[in-house]
Every structure is written in structure tokens, then in C-alpha cells.
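What follows is a set of notes on a single structure, which appears directly below.
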DNA sequence: CTTCCACTGCGCAGTCTGCGCAGTGAGGTC
DNA sequence: GACCTCACTGCGCAGACTGCGCAGTGGAAG
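Chains as they are written, first to last, in the working numbering: chain R, -6 to 152; chain B, -6 to 152.
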């Protein structure tokens, strides 16, 4: 059995089967994959405990929540107070992802909005945060590939 | 009951409860939320059928799969063959997200890699795709806020 | 050869599921 | 006011699944 926080080929096959049918029971998974029920059970528990599986809410579509617009903002921060600036950004629920990045800017954030007016207000709100020096916005015109881990799972399952 | 592809306050409360305990049964959810089992059942089925809940594999951590590195690439494409170029990118499993964006570049992609050498090879492979004109890479130095929809769910649940 | 450990197969008691059905109450229409 | 619609509720049943323990098997490592 692999480490609690990693995934081997059998784990990947279990996760792929779950991707095909998220409601599948452990028993049906074991039948589909041709392995013992206890094995599926033990591995799923290990992956859940080990942090391989993240928050359930990742499966929720922002569009369904009423936020069909996505944008990416690159921000340059005042390094002196970058900590407080980041903290202030955490209080904005529309910021759904934040990365410290290399390059011209310091952070890249992904935001969602109800409409273009909402996005306008949102960007102004972010620019008004103390320590945000510059920003560059890229609106997602089309989500051409919604977050997919399946392709990686297929690679892992083939090992 | 809301439309199949949207979410109201009660839906949001159900999803939040599931975020707290992804293994919770419908029965325990109904007890926790103080609503009837059938209501939870009907709403979860509606959300599943309506596309509110997306692929299970979204919950898998790329790090656990062996891809601890994340980067964002902005690409400028040759518009004449942009279709084929995008298609070629779909064949690269490490590309986990792709958006058509406004601004200087045409697409923004999110990629994951095993290590910096892997990322190097990956960016070269992407640049070698026919129709990719220019690129700009921003490596994620730290995921300061992993994708979170919870904050939005809390807003929706408060309505 | 022995040890270790993942995987297997079996069984049990308890729980949950999916479904149907009927009742209630709020909101809207005529 | 009468009526209708529809979401939510409460109940019950047959069937399936869960979590768990336990013992056996086989391959890899020392």
C-alpha cells in the first residue's frame, strides 16, 4: 500500500471509477475493478485520511451558484505589508484561488462574479485593498477545459 | 425548488454540510439540517442531475498524484489554426485547465508538473505545438488559497 | 526460511437507500 | 373565498450496503 498522501495505479483506478460514477458504492467499485471489497475500503479510507481527496465543495459549479463569470488578476503587492494584504483578500468570497507567483507580479488570483458589473465592482474592491500596487485583469471568455484531473489519473492508472 | 442547474439557500446548506463531512449519509444530513430526509434526497438528486455537482476527480490533489508544481501559462495563438492548436493541447494531460481570455494573450492554461525539470520539458512541448506564437510563464511558488467554493456557499446559504 | 504486509473471502449486526404514498401549508390564480 | 400547484414532510418496507473482525494466501524483503 502506498504512503497515505500518495496514489498508486490501483488508487488511480478506484478514483477513475468514482469519476465515472460518483455515487458508486464500495461494493460495486470492488466488482467493477475486480478487487476485494476490503481493499477498496482500506484504500479509500487511506486516501481520505491522507488528504488525497480534498474538499467536497470543489465539485460545486460556481455558475450554478450564480457566478458564471471567471477572471484572473495578476497583482503586484507592497512587499512590506504583503501579509495583511493577502489576509484582506481572503475575506472576499469571490476570490476562489490565490497563488504566489514568479515574474512581474506577486500573486495571481482567480475570481468569479455574477456579471460584468459585478466583476467591475470586485476588481475595484481588490484594487482598493491596502498594499495592492498594480493589477492586470484577464477575463475568461470561455472555459475551454474545466479543471480536469482525469487525464492525470489515467496516466497514473496505466503504471 | 430552484431550477435544476441553480442553487438556493437550502441547497447551499446541504452542500456546506457535505463539505464538513463528505461521507455524511442523506439521513444524517437531514438530521443535522433539521429537514426531511426526502427533501435532502430530492435536492441532491436535482443537483446531481442538473450539473451543479461536477466531476468527482476535482477532489483529487495533483500533489498526491505526484505533480506538486503548478504554473500558469499565457499563450498567444495563431488565430487561423487556433482550433487545432487547442485540440493538440487537450492531449497533454498535465494541462488541467484552459480558458480563452481577453487581453494580450489568447489562452490561459494551468499546468501541473512533477518537478522543475518536468515543467521545463512541458513548457517546451507546449511551445512546440503548431500555432503557439508566444508564451509567458508564471510559476506558482505557493498555493496560498486552494480552490475554495465554501465562501461562496456561505454567502448563498445566508440568503 | 522467516517475516511482513497487502490483498482476499466470509459473515454479522446495524444502518441507509430508493421508492411510494398521503398529508400539510404557503403562494398564486380566478 | 375557492381552488390549484408544488415543495416539504412523515411513515414504512424490502433490499442493499457499511464497518468491522478474522483468518488465509502469496509475493517481496531480509
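By construction, the Cβ of each residue, glycine as well, lies at the ideal position given by its N, Cα and C atoms.
Check the Cβ of residue i against every Cβ in chain R and list those closer than 7 Å, keeping chain order.
i: residue 61(B); result: Those within 7 Å of residue 61(B) in chain R number zero; the least Cβ separation is about 11 Å.
i: residue 91(B); result: 137 and 138
i: residue 35(B); result: In chain order: nothing, as chain R lies at least about 15 Å away.
i: residue 131(B); result: 94, 95, 96 and 101
Take the Cβ of residue i as the centre, count every other Cβ of all protein chains shown within 10 Å, and call the residue buried at 16 or more, exposed below.
i: residue 36(B); result: buried
i: residue 151(R); result: exposed
i: residue -6(B); result: exposed
i: residue 84(B); result: exposed
i: residue 118(R); result: exposed
i: residue 165(B); result: Lying outside -6 to 152, the shown extent of chain B, residue 165(B) is not represented and no answer is given.
i: residue 44(R); result: exposed
i: residue 132(B); result: buried
i: residue 64(B); result: buried
i: residue 16(B); result: exposed
Based on the DSSP secondary-structure assignment, which residues constitute the bridge partners of residue i?
i: residue 92(R); result: 101(R) and 136(B)
i: residue 53(B); result: 46(R)
i: residue 66(R); result: 102(R) and 130(R)
i: residue 125(B); result: 70(B)
Run down chain B in chain order and give the residues with a C-beta less than 7 Å from the C-beta of residue i.
i: residue 126(R); result: Within chain B, no residue comes near residue 126(R); the closest Cβ sits about 17 Å away, beyond 7 Å.
i: residue 8(R); result: 50 and 53
i: residue 11(R); result: 49
i: residue 144(R); result: 86
i: residue 19(R); result: By Cβ distance, chain B contributes nothing, its closest Cβ being about 11 Å from residue 19(R), past 7 Å.
In chain B, what lies closer than 9 Å to residue i by C-beta?
i: residue -2(R); result: 54, 56 and 57
In chain R, what lies closer than 9 Å to residue i by C-beta?
i: residue 147(B); result: 86
i: residue 178(B); result: With chain B covering -6 to 152 only, the question about residue 178(B) has no answer from this structure.
i: residue 134(B); result: 92, 93, 94 and 95
Would you mind telling me which residues of chain R sit closer than 8 Å to residue i, beta carbon to beta carbon, in chain order?
i: residue 121(B); result: Residues of chain R passing the Cβ test: none, with the nearest at roughly 19 Å.
So which residues of chain B does residue i contact, with C-beta pairs closer than 8 Å?
i: residue 141(R); result: 48, 50, 89 and 90
Practice task
Report the residues of the region 44 to 59 of chain R with a CB closer than 9 Å to any CB of chain B, ordered along the chain.
Solution key: 44, 45, 46, 47, 48, 49, 50, 51, 52, 53, 54, 55, 56, 57, 58 and 59
Practice task
Output, in sequence order along the chain, the residues in the region 94 to 107 of chain R whose CB is closer than 9 Å to any CB in chain B.
Solution key: 94, 95, 96, 97, 98, 100, 101, 102, 103 and 105
Problem - Residues, ordered as in the chain, of the region 68 to 83 of chain R that lie near chain B by beta-carbon distance below 7 Å - result: 79 and 83
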